[in-house]
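First comes the structure, then the notes that go with it.
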Amino acid sequence: MSRTLFKDFLVSSIDMGEYSTDDTIAFVLPLFRTVLGLHETDLVAPLECEDALFVSDGILDIDKTLAHPPVPALYRVQALFPGKKSEGLEIANPQEPATLASYLPGYRCFEQDAGHHDPQTDLFCLGLVLASIALGLDLYDPQDLQLFIHARTNPIQQNSRIHPTVSRLITEMTELDRSRRSQDLYDVISRLEHYRDYDPEKQTDLSNVAGWVDKEPKDRDGFILNKLRNLLFDISRRNRLLYYKPNLRFVNLTVGSLPAVLHHQSIRPDLLFTWNGELADDLAGGKEIVLNKYLRFDDHAWLPSCLDRVRVEARRDLQEYGFSQLKLVIAFLNWHNLKEDAAERIQTPVLLLPVSLKKNKKVKED
23 MSRTLFKDFL VSSIDMGEYS TDDTIAFVLP LFRTVLGLHE TDLVAPLECE
73 DALFVSDGIL DIDKTLAHPP VPALYRVQAL FPGKKSEGLE IANPQEPATL
123 ASYLPGYRCF EQDAGHHDPQ TDLFCLGLVL ASIALGLDLY DPQDLQLFIH
173 ARTNPIQQNS RIHPTVSRLI TEMTELDRSR RSQDLYDVIS RLEHYRDYDP
223 EKQTDLSNVA GWVDKEPKDR DGFILNKLRN LLFDISRRNR LLYYKPNLRF
273 VNLTVGSLPA VLHHQSIRPD LLFTWNGELA DDLAGGKEIV LNKYLRFDDH
323 AWLPSCLDRV RVEARRDLQE YGFSQLKLVI AFLNWHNLKE DAAERIQTPV
373 LLLPVSLKKN KKVKED
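Quick look at the structure:
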């Protein structure tokens with residue numbers, strides 16, 4: 023399988039002219055999905071390495087062996103926004119440390135130079151890749167980088183054929199200020215996959231609303247409240263109550279209760295964590311349940327650490343927000359969205375029970 027480094031690929035691809043919207047999306051989506059897979063395993067993509075990004079048989083990919091855990095140093099990133107008065111639009115000199123957040127040559131984020139790297143940092147880098155392909159720019163080239171900086175908030179001035187969905191994603195993903203940057207790669211991928219469903223009504227620029235300046239305050243409030251009401255229910259893929267995806271933030275207790283046996287006849291149904299018998303009565307009655315009776319910690323080495331992660335996160339929510347978001351999913355709805363992708367099987371939690379998780383330390387086991 024032939025590999026071409028992305029920085030070398032740019033030289034020849036840009037000479038061929040701008041990609042169409044469909045070509046752009048088809049080219050970047052495999053990379054976006056790969057990075058999403060890394061995020062779901064609590065890793066970040068090695069986008070700071072120039073040699074990690076490559077094109078293989080016409081598909082954009084990344085060297086997953088170089089993926090690594092997130093590097094938290096958010097306080098250093100926040101220090102680059104003194105008072106949030108300025109969005110540094112200058113090109114930082116690679117020989118000097120940046121004093122303000124800025125766009126750097128290539129496809130790395132200024133946060134990486136500050137010693138911070140998390141999934142939102144990857145979103146910034148992926149936004150640069152999307153912009154490079156959609157606008158026909160080589161961001162290693164200082165002149166092309168300047169063109170991107172000036173066109174970033176309105177990419178259509180660089181490519182009049184760019185679709186509004188792609189244009190808006192470029193602007194959102196490459197925001198220097200993290201509070202204004204895209205937060206969810208699931209949502210980005212979904213918007214690219216269904217870019218033709220772009221609804222301008224959901225992206226209202228109040229300055230373009232006829233008579234906005236002359237409207238009475240009560241009329242303004244009514245207009246804004248109506249828009250907010252329409253956006254209140256999140257039906258995007260970031261909503262885990264609609265699109266459940268197993269990852270390290272969830273623990274499947276039924277799987278954890280399955281013993282590693284040679285013959286399935288050896289499994290005792292009454293010792294599985296399923297909605298039946300004594301367990302169903304205890305859950306319905308709100309009684310305390312000892313998980314050691316059901317979970318096979320010896321057979322599943324991942325169970326203790328995953329349960330502990332869930333327990334700590336629930337405790338943090340309780341301390342910071344005053345309530346715990348921990349729920350036990352009793353039933354799922356398995357369904358298909360026939361309009362968008364009839365082959366995709368979607369899982370949605372439909373019955374959730376609020377629970378608490380305690381860890382009792384003992385000599386032999388927790």
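Quick note: the sequence shown uses our numbering, first residue 23, plus one each step. We put the CB at the ideal spot given by N, CA and C, even for glycine.
Taking a contact to mean a Cβ-Cβ separation below 7 Å, would you say residue i touches residue j in this structure?
i, j, result
"residue 330", "residue 282", "no"
"residue 377", "residue 350", "yes"
"residue 75", "residue 28", "yes"
"residue 389", "residue 259", "The chain is shown from 23 up to 388; residue 389 falls before or after that span and cannot be answered."
"residue 278", "residue 317", "yes"
"residue 156", "residue 26", "no"
"residue 390", "residue 139", "The displayed coordinates of the chain run from 23 to 388. Any statement about residue 390 would go beyond what the structure contains."
"residue 154", "residue 145", "no"
"residue 84", "residue 56", "yes"
"residue 53", "residue 82", "yes"
"residue 98", "residue 136", "yes"
"residue 58", "residue 284", "no"
"residue 266", "residue 371", "yes"
Going by DSSP, what residue range makes up the alpha helix (DSSP H) through residue i?
i, result
"residue 369", "Segment 363-376 is the beta strand (DSSP E) holding residue 369; no alpha helix (DSSP H) there."
"residue 327", "325-343"
"residue 44", "43-62"
"residue 391", "For the chain, the structure presents residues 23 to 388; residue 391 sits outside this window and is missing."
"residue 213", "207-215"
"residue 191", "186-195"
"residue 277", "275-278"
"residue 301", "299-306"
Compute the Euclidean distance between the alpha carbons of residue i and residue j, then round it to the nearest angstrom.
i, j, result
"residue 51", "residue 214", "8 Å"
"residue 43", "residue 180", "14 Å"
"residue 356", "residue 48", "28 Å"
"residue 152", "residue 338", "36 Å"
"residue 77", "residue 126", "22 Å"
"residue 299", "residue 291", "10 Å"
"residue 171", "residue 150", "11 Å"
"residue 238", "residue 247", "14 Å"
"residue 91", "residue 167", "29 Å"
"residue 113", "residue 183", "Confidence in residue 113 is poor, its pLDDT being 38 and thus under 50, which makes the residue's placement unreliable; the coordinate value appears in the next sentence. In a straight line, the C-alpha of residue 113 is about 27 Å away from that of residue 183."
"residue 286", "residue 204", "46 Å"
"residue 176", "residue 202", "16 Å"
"residue 70", "residue 313", "43 Å"
"residue 24", "residue 79", "7 Å"
"residue 219", "residue 360", "15 Å"
"residue 100", "residue 197", "14 Å"
What are the start and end residues of the beta strand (DSSP E) that includes residue i?
i, result
"residue 392", "The structure shown has nothing for residue 392, since the chain only spans 23 to 388."
Between residue i and the rest of its own chain, which residues show a CB-CB distance below 8 Å, the 5 nearest in sequence each way excluded?
i, result
"residue 216", "362"
"residue 336", "346, 347, 348, 378, 379"
"residue 159", "36, 153, 166, 167, 169, 170, 180"
"residue 191", "149, 152, 204, 210, 213, 214"
"residue 315", "293"
Could you confirm whether any beta carbon from chain C is found closer than 7 Å to the beta carbon of residue i?
i, result
"residue 357", "Of the protein chains in this structure there is only one, and it is not chain C."
Tell me, please, which residues DSSP counts as bridged to residue i.
i, result
"residue 83", "76"
"residue 25", "78"
"residue 66", "90"
"residue 139", "93"
To which residues of the same chain is residue i closer than 7 Å at the C-beta, ignoring the five residues directly before and after it?
i, result
"residue 375", "305, 349, 350, 352"
Can you find the residues in the same chain that come closer than 6 Å, C-beta to C-beta, to residue i, ignoring five residues on each side of it along the sequence?
i, result
"residue 143", "131, 133"
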